[in-house]
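A short write-up of the structure that comes next.
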Amino acid sequence: MHKLASPPSCNDNGGVNTVGAGRYAPSPSGDLHVGNLRTALLAWLFARSTDRQFRMRVEDVDRGRDAGAAQQQLEDLSAIGVTWDGEVVYQTHRRAAHEAAIETLRSRDLVYECVCTRREIQEAPSAPHAPPGAYPGTCRDRTQQEAAAARATILPRRPALRLRVAEGQGEQTFRDELCGELSGHVDDFVLQRGDGAIAYNLAVVVDDAAMGVDQVVRGNDLLSSTPRQVLLQQLLGYATPQYAHVPLVLGPSGARLAKRDGAVTLQDLSRLGMSAAQVRSMLAFSLGLADQGEPVEMVDLIERFEPAKLPREPWIFIS
Ligand code: GLU
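Going by this note's numbering, the first residue of the sequence shown is number 42, and it counts up by one from there.
Next up, the structure:
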């Protein structure tokens, strides 16, 4: 087994008659680049080739609410042929469900307040057997009075809420379609930040379950989050979806592809004379699903798609 370095009750499914679904969940932090588009294409192929539905969720809790960026992302996804079922779900509209999940955990004494700053966490000695960077448990065992006193010391800041991970649950194992069986450490991670924002891990688990998602395909930069999400699924009574973490696209420097790497978005490439269909063809070529320059339709790609044959190495994109 590989070790990671770090750590249905479906009442809001957008009217979709769920038979199992895959999804793509972009954060609206700017235009999607070819790496994001490639991951979206793969998520779509995994879902459609297994007769699943495909859902779309805009993860706007974390990085502001740039409605313009989200709209452009959705247009770009449509332009390359990534279609979805039901309404787009905006994570900021899901606040009540996120809070209800935290309340469920809190009612079982699985949530505690944390007043630590990032710096205090970095400087604290780590707990025995925990990897570096894991939360050392400073605020975990406070009585109600102690927690109230600690809260008063950080005003006007508010405490974050962390999950109390029980002994025996701090290591979670899951199967990945591409990477095999993996396990990783789970610390007492944040469910809600001090500024009130719902943390990614909580939101993603609650929303995937509500949207009927039983297949999660995403970039392998998120692998280290998966053990946390698997534990949350167990605690909240959700089934663990099938996972496939796909290789990232790298820029010429070997680092993860970014805007500074030149013409990387659909708009950039269109200015260079490349149509959305040509970008789709290029992505298909990078996945071994088309010859170089071969025009391809999405239906052709479903026919040709075989997860076992996908390249396992990152794709280096040089525009
Ligand atoms: N919103 C995340 C991102 O854009 C993806 C989250 C997920 O797929 O679970 O990186």
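For glycine and all other residues, C-beta sits at the position ideal for the given N, C-alpha and C.
Report task. Please list, in chain order, all residues of the same chain as P352 whose beta carbon is under 8 Å from its beta carbon, the five residues on each side excluded. Result -> Along the sequence shown, read from residue 1 onward, the residue named residue 352 stands at position 311. Only P288, S327, L328, G329 meet the Cβ criterion.
**Report entry** Same chain, Cβ closer than 6 Å to D117, five either side skipped, listed in chain order
**Finding:** Position 76 of the sequence shown, counted from the start, is the residue given in the question as residue 117. If we look at D117 and ignore the five residues flanking it on each side, its Cβ neighbours are L73, L307.
Report task. Tell me, to the nearest whole angstrom, how far the beta carbon of L223 is from that of D217; I am working on the premise that it is less than 8 Å. Result -> Indexing the sequence shown from 1 puts residue 223 at position 182. Indexing the sequence shown from 1 puts residue 217 at position 176. That pair is a contact at about 6 Å.
Requested in this report: Starting from the C-beta of A62, find all residues in its chain whose C-beta is less than 8 Å away, skip the five residues before and the five after it, and write them out in chain order.
Outcome: The sequence position of residue 62 within the sequence shown is 21, counting from 1. Taken in chain order, the residues that qualify are A88, R93, Q94, F95, R96, D126, M252, G253, V254, D255, Q256.
Requested in this report: Identify whether D101 lies in helix, strand or coil by the three-state DSSP scheme.
Outcome: Within the sequence shown, residue 101 is the residue found at index 60, counting from 1. In this structure, D101 counts as coil in the three-state DSSP scheme.
Query raised in the report: Nearest to A81 by CA position, among S70, G71, L115, is which residue?
Result: Here residue 81 corresponds to residue number 40 of the sequence shown, with the count starting at 1. For A81, the nearest C-alpha among the options comes from L115.
**Report entry** Contact belief for Y65 with V123 at Cβ below 8 Å, rounded distance in angstroms
**Finding:** Within the sequence shown, the letter at position 24 stands for residue 65. Within the sequence shown, the letter at position 82 stands for residue 123. That belief holds up - the Cβ atoms of Y65 and V123 are roughly 7 Å apart, short of 8 Å.
**Report entry** Contact test: E222 Cβ vs the ligand GLU heavy atom, cutoff 7 Å
**Finding:** Translated into positions along the sequence shown, residue 222 becomes position 181. For the ligand GLU, not one heavy atom lies less than 7 Å from the Cβ of E222.
Requested in this report: Please confirm if the segment 240-251 is in contact with the segment 135-151, defined as three or more CB-CB distances below 8 Å between the two stretches.
Outcome: Verdict: yes, contact present.
**Report entry** Beta-ladder partner(s) of L291, from DSSP
**Finding:** Along the sequence shown, one-based indexing puts residue 291 at 250. R297, I357, per the DSSP bridge assignment.
Query - Chain-order list of residues whose beta-carbon lies under 7 Å from that of C157 (same chain, five-residue window excluded) - result: Indexing the sequence shown from 1 puts residue 157 at position 116. Cβ contact annotation for C157 (same chain, cutoff 7 Å, sequence separation greater than five): T179, C180, in chain order.
Requested in this report: Compare the beta carbon distance of V152 and L232 with 8 Å and say whether it is the shorter of the two.
Outcome: In the sequence shown, counting from the first residue as 1, residue 152 sits at position 111. In the sequence shown, counting from the first residue as 1, residue 232 sits at position 191. Closer than 8 Å, so yes.
Query - Proximal residues to A361 (C-beta, below 7 Å), its chain only, five neighbours per side dropped - result: In this structure the chain extends from 42 to 360, so residue 361 is not present and cannot be described.
Query raised in the report: Between S167 and S322, what straight-line distance do the alpha-carbon atoms span, to the nearest angstrom?
Result: Your numbering for residue 167 matches position 126 in the sequence shown. Your numbering for residue 322 matches position 281 in the sequence shown. Rounded to the nearest angstrom, the gap between the Cα atoms of S167 and S322 is 48 Å.
**Report entry** Any non-hydrogen atom of the ligand GLU closer than 7 Å to R159 Cβ
**Finding:** Within the sequence shown, numbered from 1, the residue matching residue 159 stands at position 118. No - the ligand GLU has no heavy atom lying nearer than 7 Å to the Cβ of R159.
Report task. Could you check if A299 is buried or exposed, using at least 16 other CB atoms within 10 Å of its CB as the buried criterion? Result -> Taking the sequence shown and counting its residues from 1, the one referred to as residue 299 is at position 258. Its Cβ having fewer than 16 others within 10 Å, A299 is exposed.
Requested in this report: Take Y241 as the anchor and find which of A84, G211, R79, T133 has the nearest alpha-carbon.
Outcome: Within the sequence shown, residue 241 is the residue found at index 200, counting from 1. For Y241, the nearest C-alpha among the options comes from T133.
Query raised in the report: Helix or strand or just coil, what does DSSP make of D53?
Result: One-based indexing of the sequence shown puts residue 53 at position 12. Below a pLDDT of 50, predicted positions are generally treated as unreliable, and D53, at 44, falls in that range; the measurement from the model is reported next regardless. Reduced to three states, the DSSP call for D53 is coil.
Query raised in the report: Which two residues bound the contiguous alpha helix (DSSP H) that contains A120?
Result: For this step, residue 120 is matched to residue 79 along the sequence shown. Where A120 is concerned, the enclosing alpha helix (DSSP H) stretches over 108-121.
Query raised in the report: At what residues does the alpha helix (DSSP H) containing G329 begin and finish?
Result: If you number the sequence shown from 1, residue 329 lands on position 288. Run containing G329: none; DSSP gives neither H nor E here.
Requested in this report: May I have a chain-ordered list of the alpha helix (DSSP H) segments no shorter than 4 residues that lie completely inside the segment 127-154?
Outcome: Runs found: 136-148.
Query raised in the report: Taking only runs of the alpha helix (DSSP H) that begin and end inside the segment 223-295, which ones reach a length of at least 4 residues, in chain order?
Result: The segment 223-295 contains these whole alpha helix (DSSP H) runs: 241-251, 267-277.
**Report entry** In DSSP terms, what T306 is bridged to
**Finding:** Position 265 of the sequence shown, counted from the first residue, corresponds to residue 306. H74, per the DSSP bridge assignment.
Report task. May I have all residues whose beta carbon comes closer than 6 Å to any heavy atom of the ligand GLU, sorted in chain order? Result -> My final list is A66, P67, S68, E100, V245, R259, L263.
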